[in-house]
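In our numbering, each residue carries its 1-based index in the sequence shown increased by 7. Heads up, the beta-carbon is just placed ideally off N, CA and C, and yes, glycines get one too. Because the structure is a prediction, the values reported are computed rather than measured.
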Amino acid sequence: MDTILWLLHGARMAWPTDWTAVFDRRAPLLMEIGFGGADFLVNLARTRPEANVIGVELSLPSLKKGAKKLETAGLVNGRVIQGTGQLVLWALCQPDSLSEVIINFPDPWPKERHHGRRLINAQFLHLLATRLKVGGQLDVATDHAGYAAWIARHLEQSPYFASRLASPYIHADPDRLITKYEQKGFDEGRSGYYFKWQRNDTPAPNPFPTPKELSMPHVILNSPLSLEEIGRRFTPQSTKGENVHVELLEAYQSAHDGKLLVEAYIKEEPLTQRVGLVVRRRELGDLVVGLHEVGFPRPTPGVQLAVASLARWVVGLDPASAIVRSNVSVESRD
Ligand SMILES: C[S@@+](CC[C@H](N)C(=O)[O-])C[C@H]1O[C@@H](n2cnc3c(N)ncnc32)[C@H](O)[C@@H]1O
8 MDTILWLLHG ARMAWPTDWT AVFDRRAPLL MEIGFGGADF LVNLARTRPE
58 ANVIGVELSL PSLKKGAKKL ETAGLVNGRV IQGTGQLVLW ALCQPDSLSE
108 VIINFPDPWP KERHHGRRLI NAQFLHLLAT RLKVGGQLDV ATDHAGYAAW
158 IARHLEQSPY FASRLASPYI HADPDRLITK YEQKGFDEGR SGYYFKWQRN
208 DTPAPNPFPT PKELSMPHVI LNSPLSLEEI GRRFTPQSTK GENVHVELLE
258 AYQSAHDGKL LVEAYIKEEP LTQRVGLVVR RRELGDLVVG LHEVGFPRPT
308 PGVQLAVASL ARWVVGLDPA SAIVRSNVSV ESRD
């Protein structure tokens with residue numbers, strides 16, 4: 008067998024993902040976010056054979072290591088997923104679907120100006136509250152005193168969680184497997200803060216709807232301008248929509264058939280995409296603006312907005328231009 012079974016690409020998985028199909032069985036779902044060296048994750052899969060265990064990581068070396076370790080141990084109840092915890096929870100997991108979430112030593116971002124980058128914040132806890140089942144467990148460990156105080160404050164302020172202990176955290180948890188980062192902290196004289204909380208039964212509204220994939224966007228238009236001229240006149244531009252930010256960054260022209268490829272950056276929570284938009288001439292003489300298939304783009308509302316704004320810009324270049332047909336809304340946003 009190879010690691011193909013164990014390593015999954017979050018950006019390519021279905022929204023939401025059918026975990027029963029992924030694991031080929033229905034079982035309680037456990038997630039470790041930011042598993043790093045993966046020994047804790049592998050131990051979790053080994054000691055919890057009754058559960059389906061998902062490890063989420065951004066770092067490719069960690070993902071490869073995790074997949075290899077699961078493979079070597081023959082643990083078919085474990086998977087590693089490339090992506091952020093936020094994306095995997097929001098887009099891939101249904102509400103009330105997780106039994107346990109574990110976060111070991113999330114990056115502490117000690118400088119005050121970087122606190123906005125911390126994984127644990129009010130929005131993230133709200134997202135977790137929507138995805139965890141009532142009674143579902145949330146275990147967090149850190150060795151950074153400032154982050155521990157921050158986590159305690161955010162958990163205490165959240166209406167959706169309660170500590171399973173008499174205090175917000177404990178300083179020693181002898182039953183745990185020590186992680187690589189934790190050991191490094193011990194070696195450097197730091198001690199741990201271990202949070203063991205659980206989802207209470209307060210209903211949580213869900214402002215994190217599963218993202219939608221729409222049809223492949225295209226706009227047909229007439230323009231007297233050549234593709235070369237359009238490419239020459241391209242300038243970087245940006246557009247904002249409801250919860251969407253689009254930047255059209257650069258245009259490249261194919262030496263082969265003259266079509267234009269426009270690089271676009273699209274940010275719409277919970278995902279960001281870098282996609283190629285294409286402007287090409289059809290045999291009929293008109294132009295089509297659409298989405299290039301390179302790199303597994305997901306045709307989201309943000310991608311539709313990007314195609315519409317590129318088409319509007321092309322039409323705006325010459326008064327004799329006009330939209331002929333479109334499956335996206337191309338009305339001017341001015
Ligand atoms: C300080 S390390 C801790 C690793 C491991 N849990 C341990 O205790 O040894 C934090 C890990 O979280 C990962 N990470 C950071 N932000 C993340 C995010 N938004 N989603 C998933 N993983 C993330 C990093 O790649 C890194 O491996």
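Beta-bridge partners assigned by DSSP to K203: D146. 7 Å or more divides the Cβ of G17 from the Cβ of E39.
By the Cβ criterion, the segment 279 to 291 is not in contact with the segment 172 to 186, since fewer than three pairs of Cβ atoms, one from each stretch, lie closer than 8 Å. Comparing alpha-carbon positions, the option among V60, S66 and V49 lying closest to K75 turns out to be V49. Within the DSSP secondary-structure output, L284 pairs in a beta bridge with V269 and L298.
Looking from the CA of V141, the closest CA among V108, R120, P117 and I158 belongs to V108. When beta bridges are read from the DSSP output, H225 appears opposite G297.
Q101 carries a coil assignment under DSSP once its states are collapsed to helix, strand and coil. Counting every other CB atom within 10 Å of its CB across the protein chains shown gives L162 a total of 16 or more, marking it as buried. Under the DSSP definition of a beta bridge, A329 partners with N229. Around the Cβ of I11, a 10 Å sphere holds fewer than 16 other Cβ atoms; the residue is exposed.
Relative to ligand 1, K71 has its C-beta separated by 6 Å or more from all heavy atoms. For D150, the number of other beta carbons within 10 angstroms of its own is at least 16, and it is reported as buried. For E257, the CB contacts under 8 Å within the same chain, skipping 5 residues up- and downstream, are F241, P243, V269 and E270 in chain order. By the Cβ test, the segment 167 to 177 is not in contact with the segment 122 to 130, since fewer than three Cβ pairs between them sit closer than 8 Å.
By alpha-carbon distance to I88, the top candidate from S66, E78 and S106 is S66. Counting only runs of 3+ residues, the beta strand (DSSP E) found wholly inside the segment 24 to 64 occupies 36 to 40 and 59 to 64, in chain order. Sequence-distant Cβ neighbours of N250 in its own chain, meaning closer than 8 Å and more than five residues away, are E275 and E276. Here H16 carries a strand assignment [DSSP, helix/strand/coil]. At a Cβ-Cβ threshold of 7 Å, W22 and P308 do not count as neighbours. Residue nearest to D46 within the set N59, S69, H178 and A58 is S69 (criterion: CA-CA distance).
For D103, same chain residues with a beta-carbon under 6 Å away, outside a window of 5 residues either side, are K140 in chain order.
R239: member of the alpha helix (DSSP H) spanning L234 to R240, first to last residue.
DSSP lists A148 as the bridge partner or partners of N111.
Taken from the Cβ of D114, at least one heavy atom of ligand 1 lies inside 6 Å.
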